[in-house]
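**Student:** Note that our numbering gives residue 76 to position 70 of the sequence shown, counting from 1, and the numbers run on in steps of one.
Glycine included, C-beta positions come from ideal geometry on N, C-alpha and C.
Here the structure is a predicted model, which means the values were calculated and not measured.
Below is a structure I'd like to ask you about.
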Amino acid sequence: MAHGSRDPRHAATVEALAHAIRALRPELPVTTAYLDHCAPRIAQVAPRLTDAIAVPLLLNRAFHAKHDIPAALRAAGSAIPVADVLGPSPLLLDALDRRLAESGLDVTDPTVRARTGIVLAAAGSSDPAANATTRAVAATWQFTRGWAAVTTAYASATTPTVADALTTLRADPAVHTTAVAPYLLAPGLLPDRIATAAAPADHLAATLGAAPELARLVLTRHHEAATATTSTARTA
């Protein structure tokens, strides 16, 4: 279940991710649905899926995960289990590395990593806990990969902006190369805003999209929810 966007690249990316999931698990039916803007909507899909699990294509547990998706399922008369959101996860860090490598940055060289500062650019949320989770992801990414610095920035709702974060990185004497890594699933208005602000950076990664790590992560969340549902049924 994705948010949806007026930008057709969003739905195309979600469908590409669904295709990648089907390739990993051909025996598992995969259906996409959207909260807004795109078809099919959750109300069109959920009522006919009685033996299914909803996996939110969301990186943080913010308003859409806490309120919008549960409300949409209730309105559709659906009681299917809802899996956890995608983040945080080591698989997301692997996907971020992949996208940076595709931008031309040598992510395998420890010397390069030790001289590179990264802006992890998220959508931004009015929920402080969601933004704190993004900062924790940035800290984990820096610590586990050995980047010179990883700082967060946001395309909406809160600060700092990507431009401000890049200015901070360039002032850091340990940083010789800068990169912007969108912490977003699909192209659209906010990723375009991030890309525009990232013009001074040495590298700009693509959105996470249909990365193989994302497909595996969706299946992981599905398995976790299926296991929890089975366990609950046995103890009921």
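1. Considering only the alpha carbon of each residue, which of Ser-131, Ala-129, Leu-106, Gly-130 lies closest to Arg-119?
2. Pop quiz: Leu-214 and Leu-97 are said to be a contact at Cβ under 8 Å. What is the actual Cβ separation, rounded to whole angstroms?
3. Where Ile-48 and Ala-155 are concerned, what is the direct C-alpha to C-alpha distance, given to the nearest angstrom?
4. Which value, in whole angstroms, describes the spacing of the CA atoms of Ala-52 and Ala-77?
5. Do you know whose CA, among Thr-164, Thr-122, Thr-165, lies nearest Gln-148's CA?
6. Sort Leu-41, Ser-95, Thr-184, Pro-87 by Cα distance to His-70 and report the nearest one.
7. Are Leu-225 and Leu-30 touching if we call contact CB-CB under 9 Å?
8. Mapping the DSSP letters down to three states, classify Val-91 as helix, strand or coil.
9. With three or more C-beta pairs closer than 8 Å as the rule, is the stretch 159-178 touching the stretch 99-114?
10. Determine whether the Cβ of Gln-148 lies closer than 9 Å to any Cβ atom of chain D.
11. When DSSP builds the beta bridges, which residues end up paired with Ile-124?
12. Could you check what DSSP says for Arg-80 in three-state terms: helix, strand or coil?
13. On the three-state DSSP scale, how would you describe Arg-31?
14. Can you tell which of Thr-150, Pro-14, Ala-159, Thr-233 has its C-alpha closest to the C-alpha of Ala-129?
15. Identify which residue in Val-181, Tyr-189, Ile-86 has its Cα closest to the Cα of Ala-58.
16. So is His-9 buried or exposed if we call it buried at 16+ other beta carbons inside 10 Å?
17. Taking all protein chains shown into account, do 16 or more other C-beta atoms lie within 10 angstroms of the C-beta of Glu-33, making it buried, or fewer, making it exposed?
**Tutor:** Checking against the coordinates, here is how it stands:
1. Leu-106
2. Leu-214 to Leu-97, Cβ: 10 Å. No contact.
3. Looking at the two C-alpha atoms, the distance is approximately 40 Å.
4. Their Cα atoms are separated by approximately 12 Å.
5. Out of Thr-164, Thr-122, Thr-165, Thr-122 has the C-alpha closest to the C-alpha of Gln-148.
6. Leu-41
7. yes
8. Of the three classes helix, strand and coil, the one that applies to Val-91 here is coil, per DSSP.
9. no
10. No chain D is part of this structure, which consists of one protein chain only.
11. According to DSSP, Ile-124 bridges with Val-156, Ala-185.
12. helix
13. coil
14. Ala-159
15. Ile-86
16. buried
17. Classification of Glu-33: exposed, given that the 10 Å Cβ count is below 16.
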